[in-house]
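Protein chains in written order, with this note's numbering: chain A, 511 to 998; chain B, 100 to 356. Okay, so here's the structure we're looking at.
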Amino acid sequence: MTNLNRVLSKVSMLIASFVLVVSCGDNASKDSVVMQDPATIVIKGTMEAELTAPPFVPAPVGDRPAKKLIVNMEILEEVGTMTDGVEYVYWTFGGSVPGSFIRTRVGDEVEFTLSNHPDNKLPHNIDLHAVTGPGGGATSSFVAPGHEKVFSFKTLNPGLYVYHCATAPVGMHIANGMYGLILVEPAGGLPPVDKEYYIMQGDFYTKGENGAPGLQPFDMQKAVDEDADYVVFNGKVGALTGDGAITANVGETVRLYVGNGGPNLTSSFHVIGEIFDNVHVEGGSMINKDVQTTSIPAGGAAIVDFKVDVPGTFILVDHAIFRAFNKGALGMLKVTGEEDKQIYSGVKQEGIYNPEGGTIQTMPNDGSPAVAENTNKSLSEKIASGKQIYTKTCFACHQSEGQGIPNAFPPLAKSDYLNSDVKRAIGIVLNGLTGEITVNGQKYNSIMTKQTLTDEEVADVMTYVYNSWGNNKTNVTTMMVSEVKSSH
Amino acid sequence: MKIIIRLTICLFLFWTANSNCQSKMVKIDGGTYIPLYGRDSLVVTISSFKMDVYPVTNEQYLEFVKKYPKWQKSNVKKLFADDNYLRDWKTDTLLNDNQSPKAAITNISWFAAKDYCECQGKRLPTLNEWEYVAMANKEIPDARRLKKYNEFILSWYEKPKTANNDIGSTFKNYWNVYDLHGLVWEWTYDFNSVLISGESRKDVDDDSNLFCGSAAVGTTDLMNYAAFMRYAIRGSLNANYTMKNLGFRCVKDAKLK
């Protein structure tokens, strides 16, 4: 009897506190929706989930209520193309790498049926990072070929999550392409955008080197060594280039759901020529703004969005850049529409850009002495030798006819600054120059690096310059160079 | 005396008649081996036994179901075989056109395989017996440390539709047994005695006494990968399951001489 009393009093206290909570909630009804424990969200109705192959995503959840969501996923082991002439046996969720995109909202009760195609040789399962429970579903979904397993889970945390196979050997199942993304949208959905795409990076390990033709088997040793032959978006080289490129129109907002299946490598995801306006860091609720490159760990994801303001082709890369240009981690976003010269001018002035040249350069005032040589050359020999040095060393900035580049690099042709003081000019070549100077009435404020040249080379190249383009034909000798050098 | 001779002849005739419809067997000399999984890392002793040279074929199984109609696909009890049992067959007693009579029988359950062997006076091999024979390559009885041996197995895992190939199309191993690797998975009597839970990463727990996942996951040894997948497939099975890539062969105890 006392027990019953105690229970009753507890219940009445609970009711009282509930009333309190509700009354609080009335004051700030929006907050209370956000605060609701996702586990207590009541589902209304049943629907079958739309599953899409990359780079596409299912329709947004919008403001639909939480539902029982039926997901039917089939596992297929099949031969696919890694790159031209190279084939690979992919193990897939839904016939694509990455696997089908699953879109849910918080509070959904997902009834997940995992079917293992009868032609498959191996058992598989699925670990969804969106699942709260042992193994992320892996314990309940271990399924032999020709069979299916059903399990269900409630989505509690909004975010973008990786799913993958967790059957032994786990690394091999993932390396063969068994991963994908599941999105859990918050109540009311993510803010609407114009275009949404699904991109997932993965690293692949083949018996032959990158490009070795034929059907390439998985190489376990390379996988253990993390020595990837291919690092690609959406399962193969060129999945997102050419006809596979994703598209948008000028003025649209593009959202990318980017995952990284691994198995090993972290992605430095970057879109060349765009800045991410918003990044859901690691696929979670924290939003970072104005991001150039976002890090996506293996088994992790990120949601990025940005407005495309100008037309053109924007290259998606893993900015660990050799992966992009040598291993395949490269995609394209093609944007069409009106140009906006204010945001991006296009080419304003065309010039040959040949940075740095062949000579090793160091920053100014790094005073290591060069070896002096004393040989006697005729003027024409010096000019010929000097021309070669000029082409190798000076040409990139001062240009072929010594004309320089307006506002950036001063001219050497008919240069008052050059002709008025030979020793100063020698000193600049030897030690570099920083700061404002006036040449032929124009102001330049730039840096010229110290050139690592021998005294003879300095003499030759300066003699060439002084004997070209209307300059005062000074014959710069090695002696003059060493004098300037020792005077410092 | 006459009676004894007659009896002997009768027995002999019976024996030859019987053995004609039986597949060829070879003797496997007993020995010891250390299995991959760690039931206290015990050395397992195998007694001598005889093993079928080839997996049981479609043709042989067809004879079997004609003799034992309870194993025909329309008659089989669901408790003993799932819906995919003999799925590709045209009828109860007819193979499909694309099925070779000489290919290994697949889509059969453990119950069916066990009964088949028993009807031939044989039995299913134990997991240890099967693994003991299967660790041989062409030349040596235990090739598990050889890269080539393991690469062959791993490459088979990646080859699609090998179940349609005829028996004898892979290599003859040290014991003169064919097709242990390269055609189909095979049932063993105690297929689920080494359990792998669905969550392979969990199998490192000491208390579960299961296959040591950490040893396989943390290893650089190809052998573990090849074998681990075999244990994984066994772990995913129930006795009434049937699979397109899963067949069987029988063994028999060697007679004491």
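For every residue, glycine included, the Cβ atom is placed at its ideal position computed from N, Cα and C. Note that this is a predicted model, so its numbers are computed, not measured.
Shorter than 8 Å from the beta carbon of residue i to some beta carbon of chain A?
i: A331 of chain B; result: yes
i: K172 of chain B; result: no
i: P154 of chain B; result: no
i: E257 of chain B; result: yes
i: S335 of chain B; result: yes
i: T190 of chain B; result: no
i: S208 of chain B; result: no
i: S199 of chain B; result: no
i: F327 of chain B; result: yes
i: S254 of chain B; result: yes
i: T341 of chain B; result: yes
i: K260 of chain B; result: yes
i: N344 of chain B; result: yes
i: Y160 of chain B; result: no
i: Y277 of chain B; result: no
i: N183 of chain B; result: yes
i: Y324 of chain B; result: yes
Measure the beta-carbon distance from residue i to residue j and round it to whole angstroms, keeping in mind my assumption that it falls under 8 Å.
i: R333 of chain B; j: F290 of chain B; result: 5 Å
i: K577 of chain A; j: T550 of chain A; result: K577 of chain A to T550 of chain A, Cβ: 15 Å. No contact.
i: G669 of chain A; j: P773 of chain A; result: Not a contact, Cβ separation roughly 21 Å.
i: V581 of chain A; j: R615 of chain A; result: Actually they are not in contact, since the Cβ atoms of V581 of chain A and R615 of chain A sit about 13 Å apart, beyond 8 Å.
i: M688 of chain A; j: F622 of chain A; result: Their Cβ separation, rounded to whole angstroms, is 15 Å, which puts M688 of chain A and F622 of chain A out of contact at 8 Å.
i: G771 of chain A; j: H674 of chain A; result: 7 Å
i: A212 of chain B; j: W274 of chain B; result: Not a contact, Cβ separation roughly 21 Å.
i: E719 of chain A; j: D739 of chain A; result: 6 Å
i: F347 of chain B; j: V155 of chain B; result: 6 Å
i: G712 of chain A; j: G745 of chain A; result: 7 Å
i: Y767 of chain A; j: A811 of chain A; result: 7 Å
i: D618 of chain A; j: T665 of chain A; result: 5 Å
i: K272 of chain B; j: K237 of chain B; result: Position check: residue 272 of chain B holds Asn in this sequence, whereas Lys was assumed. The Cβ separation is near 6 Å, so the contact holds.
Leaving out five residues on either side along the sequence, give the residues of the same chain with a beta carbon under 7 Å from the beta carbon of residue i.
i: K799 of chain A; result: D787, N788
i: M958 of chain A; result: I938, G942, L943
i: L336 of chain B; result: F290, N291
i: F661 of chain A; result: F622, G647, S650, S651
i: G980 of chain A; result: A923, K924
i: N195 of chain B; result: D187, W188, K189
i: V881 of chain A; result: Only weak support exists for where V881 of chain A lies, its pLDDT of 44 falling under 50; the coordinates are left without a value.
i: D265 of chain B; result: S199, K201, A202
Who are the Cβ neighbours of residue i in its own chain at under 6 Å, not counting the five residues just before and after it?
i: T803 of chain A; result: S778, H780, H829
i: N950 of chain A; result: D926
i: E560 of chain A; result: P568
i: V986 of chain A; result: A969, M972, T973
i: Y160 of chain B; result: I204
i: E558 of chain A; result: I580
Please list, in chain order, all residues of the same chain as residue i whose beta carbon is under 8 Å from its beta carbon, the five residues on each side excluded.
i: V723 of chain A; result: One detail in the question is off: residue 723 of chain A reads as Pro in this sequence, not Val. If we look at P723 of chain A and ignore the five residues flanking it on each side, its Cβ neighbours are G595, V596.
i: E848 of chain A; result: V760, P821
i: E228 of chain B; result: I127, I145, F148, M150, T287, V350
Does chain E have any CB closer than 8 Å to the CB of residue i?
i: A654 of chain A; result: Among the protein chains in the structure shown, which are A and B, there is no chain E.
Is there a Cβ of chain B sitting closer than 8 Å to that of residue i, yes or no?
i: F738 of chain A; result: The sequence shown places Ala at residue 738 of chain A, not Phe. No, no contact with chain B.
i: D629 of chain A; result: yes
i: F728 of chain A; result: yes
i: A906 of chain A; result: no
i: L638 of chain A; result: no
i: P723 of chain A; result: no
i: M796 of chain A; result: no
i: M710 of chain A; result: no
i: S682 of chain A; result: A small fix is needed here, since residue 682 of chain A is Met in this sequence, not Ser. It does; some Cβ of chain B falls within 8 Å.
Practice task
Quick one: which unbroken alpha helix (DSSP H) runs of 4-plus residues sit fully inside the region 202-235 of chain B? Chain order, please.
Solution key: 209-218, 226-233
Exercise for the section: Scan the region 583-599 of chain A for residues whose Cβ lies nearer than 8 Å to a Cβ of chain B and list them as they occur along the chain. Expected result: E587, E588, V589, V599
Exercise for the section: With 8 Å as the limit, tell me which residues of the region 646-680 of chain A have their beta carbon closer than that to any beta carbon of chain B; keep them in chain order. Expected result: A648, T649, S650, S651, F652, V653, A654, P655, G656, H657, A676, T677, A678, P679, V680
Problem - Residues in the region 608-633 of chain A having any Cβ partner in chain B nearer than 7 Å - result: P628, D629, K631, L632, P633
Handout entry: Whole beta strand (DSSP E) elements within the region 617-661 of chain A, 3-residue minimum
Key = 619-626
Problem - beta strand (DSSP E) segments (min. 3 residues) lying fully within the region 754-783 of chain A - result: 756-759, 763-772, 777-782
Practice task
Could you name each continuous alpha helix (DSSP H) segment of 4 residues or more that falls completely within the region 780-846 of chain A, going from the start of the chain to the end?
Solution key: 831-836
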